[in-house]
Amino acid sequence: MENIKIVVADTDEEYLAPLEYKLAEEWKDKGDIEVITSLKYFNEYFSQPRDIFILIINEYLYSEKIRKQNCGYIFLLREDEDFSDDRIERGNCTSLYKYSSVKEIYSQISGTIRLENPEHATEHTRIYMTYATMGNSGKTLLSLGLCQALKALGNKVLYICGEDFQDFSVYLKNCHGFCSGRFAYSLATKSQSIRQELLPEVDTEDFDYVRPMEKAPATCQIKDEDYGAFLNTLKNTQLYDAIVFEASAGFTQEKLRLFSLVDKVVVFFTPQKASLRQLDIFLNSIRRDDEKLLLVCNRMKTPAGADEMGVWDDRYPISEYIAEQKEPFGLEEIRESGLLKKLAYILG
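When you line the sequence shown up against full-length UniProt numbering, it's residues 1 to 348, in that order.
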């Protein structure tokens with residue numbers, strides 16, 4: 001990113017001040033940053049061809065004239081938080097909610113650029129798979145919380161949902177829309193260009209995540225082996241420090257191959273009898289010496305858990321106990337309580 005041109009255009013000068021400061025703080029040695037707040041100068045500036053690496057622009061200033069400029073990346077600052085995904089109509093722009101925090105805006109911009117620029121790669125990508133043998137284990141919320149905790153340790157994190165019905169957006173503040181049918185097709189066919197096609201499908205909150213699918217993946221012929229190929233591709237590109245893949249329930253040969261592919265498998269369960277019984281069957285069905293497994297017991301009603309767990313096979317040590325939480329309970333509460341900090345440290 002040497003000698004690049006970054007232009008920020010919005011007539012709200014007071015709004016732009018903290019964003020300009022953040023960009024200057026992060027990219028002061030990487031390029032030239034120009035901020036445009038005058039509408040007259042804006043029209044003069046774009047009256048001739050420009051080569052711009054990053055253009056951050058208010059949606060009301062964006063036009064066909066701007067679309068025809070030579071811009072590497074265009075980020076639209078949207079006034080309404082409830083915007084839809086209209087990249088095609090907008091010329092493959094990335095929409096950002098204008099009034100989200102400066103940190104969130106910068107994170108999404110830098111994350112988008114990192115996806116297309118291998119020079120920003122990390123040294124080694126670790127893949128963590130979250131799994132539960134049955135529902136109602138809290139797996140989805142805890143998987144997202146794990147992403148949040150890993151990010152707090154300074155990691156670049158991507159969350160990918162492999163569930164049959166992908167409803168994780170209910171836990172996020174700014175999740176808009178679904179991933180495209182084209183991306184689902186590329187995933188199902190193991191497209192060689194899946195890395196490039198991933199870019200428009202990634203959004204950012206505290207961490208990056210691939211948007212949920214509107215339909216069940218099975219309707220698009222997406223199988224566990226397709227997720228495995230996708231994870232391998234991402235691991236080889238080394239765009240992230242950590243990828244958290246939330247797997248669906250079920251125990252198949254394809255699932256076993258996923259187990260062997262990833263670096264660690266975090267198994268969430270509860271102290272209820274049915275959950276413990278299914279966990280016992282699962283553990284008896286895999287290699288007993290598998291060091292990849294981390295067992296996390298959720299919704300404990302007593303601190304030690306002895307009354308709930310009964311006699312537990314100590315061949316399978318439990319890495320973490322999570323106490324039952326009062327509602328409402330979401331990502332904000334996980335962050336404030338540091339609930340998954342220990343697990344994030346264990347994973348590194």
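Glycine is no exception: its CB is placed at the ideal position from the N, C-alpha and C atoms. Because the structure is a prediction, the values reported are computed rather than measured.
Rounded straight-line distance, which links the Cα of residue j to that of residue i
{"i": "Met-213", "j": "Gly-228", "result": "17 Å"}
{"i": "Ile-6", "j": "Ile-52", "result": "6 Å"}
{"i": "Leu-158", "j": "Leu-234", "result": "10 Å"}
{"i": "Pro-49", "j": "Gln-69", "result": "6 Å"}
{"i": "Gln-325", "j": "Lys-264", "result": "26 Å"}
{"i": "Gly-211", "j": "Pro-200", "result": "Residue identity check: residue 211 is Arg in the sequence provided, not Gly. Approximately 9 Å between the Cα atoms of the pair."}
{"i": "Met-134", "j": "Ser-319", "result": "19 Å"}
{"i": "Leu-23", "j": "Leu-279", "result": "48 Å"}
{"i": "Asp-241", "j": "Ser-143", "result": "16 Å"}
{"i": "Val-8", "j": "Ser-275", "result": "53 Å"}
{"i": "Thr-189", "j": "Ile-222", "result": "8 Å"}
{"i": "Leu-339", "j": "Arg-299", "result": "12 Å"}
{"i": "Leu-146", "j": "Phe-259", "result": "18 Å"}
{"i": "Ala-304", "j": "Tyr-321", "result": "Low confidence applies to Ala-304: its pLDDT is 49, below 50, so where it sits in the model is not reliable, and the reading given next is rough at best. Each residue's Cα considered, the two are about 8 Å apart."}
{"i": "Gln-192", "j": "Tyr-99", "result": "37 Å"}
{"i": "Gln-196", "j": "Cys-71", "result": "17 Å"}
{"i": "Thr-11", "j": "Ser-110", "result": "23 Å"}
{"i": "Arg-90", "j": "Arg-335", "result": "At Arg-90, the pLDDT of 48 sits below 50, so the modelled position is not reliable; the number obtained from the coordinates is stated separately. If you take the alpha carbons of Arg-90 and Arg-335, they lie about 35 Å apart."}
{"i": "Leu-76", "j": "Ile-56", "result": "6 Å"}
{"i": "Lys-40", "j": "Asp-32", "result": "21 Å"}
{"i": "Phe-165", "j": "Thr-130", "result": "15 Å"}
{"i": "Ile-66", "j": "Asn-58", "result": "12 Å"}
{"i": "Thr-219", "j": "Leu-187", "result": "13 Å"}
{"i": "Gly-181", "j": "Asp-226", "result": "15 Å"}
{"i": "Arg-78", "j": "Cys-93", "result": "11 Å"}
{"i": "Ile-243", "j": "Lys-156", "result": "9 Å"}
{"i": "Glu-34", "j": "Ala-344", "result": "39 Å"}
{"i": "Ser-137", "j": "Val-296", "result": "10 Å"}
{"i": "Leu-198", "j": "Pro-18", "result": "30 Å"}
{"i": "Ser-38", "j": "Leu-16", "result": "12 Å"}
{"i": "Ile-36", "j": "Glu-20", "result": "11 Å"}
{"i": "Ile-88", "j": "Phe-42", "result": "For Ile-88, the pLDDT reaches just 37, beneath the cut-off of 50, and the residue's location in the model is therefore unreliable, leaving the point undetermined."}
{"i": "Thr-270", "j": "Trp-27", "result": "46 Å"}
{"i": "Phe-168", "j": "Ile-54", "result": "30 Å"}
{"i": "Tyr-60", "j": "Glu-13", "result": "15 Å"}
{"i": "Glu-25", "j": "Ile-194", "result": "33 Å"}
{"i": "Phe-128", "j": "Leu-294", "result": "Sequence check: residue 128 is Tyr here, not Phe. Spanning the two alpha carbons is a distance of roughly 10 Å."}
{"i": "Arg-277", "j": "Ala-132", "result": "12 Å"}
Closest by C-alpha distance to residue i, when choosing among the options
{"i": "Lys-173", "options": "Ile-194, Asp-206, Gly-162", "result": "Asp-206"}
{"i": "Tyr-171", "options": "Leu-141, Phe-42, Leu-150", "result": "Leu-141"}
{"i": "Lys-139", "options": "Leu-77, Ser-248, Tyr-316", "result": "Ser-248"}
{"i": "Leu-239", "options": "Gln-148, Tyr-209, Glu-163", "result": "Tyr-209"}
{"i": "Thr-112", "options": "Arg-67, His-124, Ser-101, Leu-96", "result": "Leu-96"}
{"i": "Val-266", "options": "Tyr-45, Thr-11, Lys-103, Glu-246", "result": "Glu-246"}
{"i": "Asn-284", "options": "Glu-336, Thr-125, Glu-163, Phe-251", "result": "Phe-251"}
{"i": "Glu-332", "options": "Ser-191, Phe-282, Ala-149", "result": "Ala-149"}
{"i": "Asn-232", "options": "Val-262, Tyr-316, Asp-80, Thr-270", "result": "Val-262"}
{"i": "Cys-161", "options": "Val-202, Thr-125, Leu-61, Thr-237", "result": "Val-202"}
{"i": "Cys-175", "options": "Phe-183, Glu-104, Ala-184, Lys-151", "result": "Glu-104"}
{"i": "Ala-184", "options": "Ala-216, Thr-125, Gly-154, Leu-153", "result": "Ala-216"}
Element boundaries [beta strand (DSSP E), containing residue i]
{"i": "Lys-5", "result": "4 to 9"}
{"i": "Lys-292", "result": "Element bounds for Lys-292: n/a, residue is neither H nor E."}
{"i": "Asn-58", "result": "51 to 58"}
heavy atom of the ligand FMN below 7 Å from residue i C-beta
{"i": "Glu-26", "result": "This structure does not include the ligand FMN; it has no bound ligands of any sort."}
Start-to-end residues for the alpha helix (DSSP H) that takes in residue i
{"i": "Gly-72", "result": "Taken as a continuous stretch (DSSP letters only), Gly-72 belongs to no alpha helix (DSSP H), being part of the beta strand (DSSP E) at 70 to 78."}
{"i": "Lys-30", "result": "That residue, Lys-30, is in no alpha helix (DSSP H); it is neither H nor E in DSSP."}
{"i": "Ser-275", "result": "273 to 283"}
{"i": "Asn-43", "result": "39 to 45"}
{"i": "Leu-261", "result": "253 to 261"}
{"i": "Gln-48", "result": "Gln-48 -> no alpha helix (DSSP H), and no H or E assigned at all."}
{"i": "Gly-145", "result": "139 to 152"}
{"i": "Arg-287", "result": "Unbroken run through Arg-287: none, as it is neither H nor E."}
{"i": "Tyr-62", "result": "Element bounds for Tyr-62: n/a, residue is neither H nor E."}
{"i": "Ala-344", "result": "341 to 347"}
{"i": "Ser-248", "result": "It is not in any alpha helix (DSSP H) - Ser-248 carries neither H nor E in the DSSP assignment."}
For residue i, the residue or residues it bridges with in DSSP
{"i": "Tyr-97", "result": "Arg-78"}
{"i": "Arg-126", "result": "Ala-242"}
{"i": "Val-267", "result": "Tyr-131, Leu-295"}
{"i": "Ala-323", "result": "Met-300"}
{"i": "Leu-158", "result": "Asp-208, Ile-243"}
{"i": "Cys-318", "result": "Note on residue identity: the sequence assigns Ile, not Cys, to residue 318. According to DSSP, which records beta bridges pairwise, Ile-318 is partnered with Leu-295."}
*beta strand (DSSP E) segments (min. 3 residues) lying fully within the stretch 160 to 229*: The stretch 160 to 229 contains these whole beta strand (DSSP E) runs: 202 to 204, 208 to 210.
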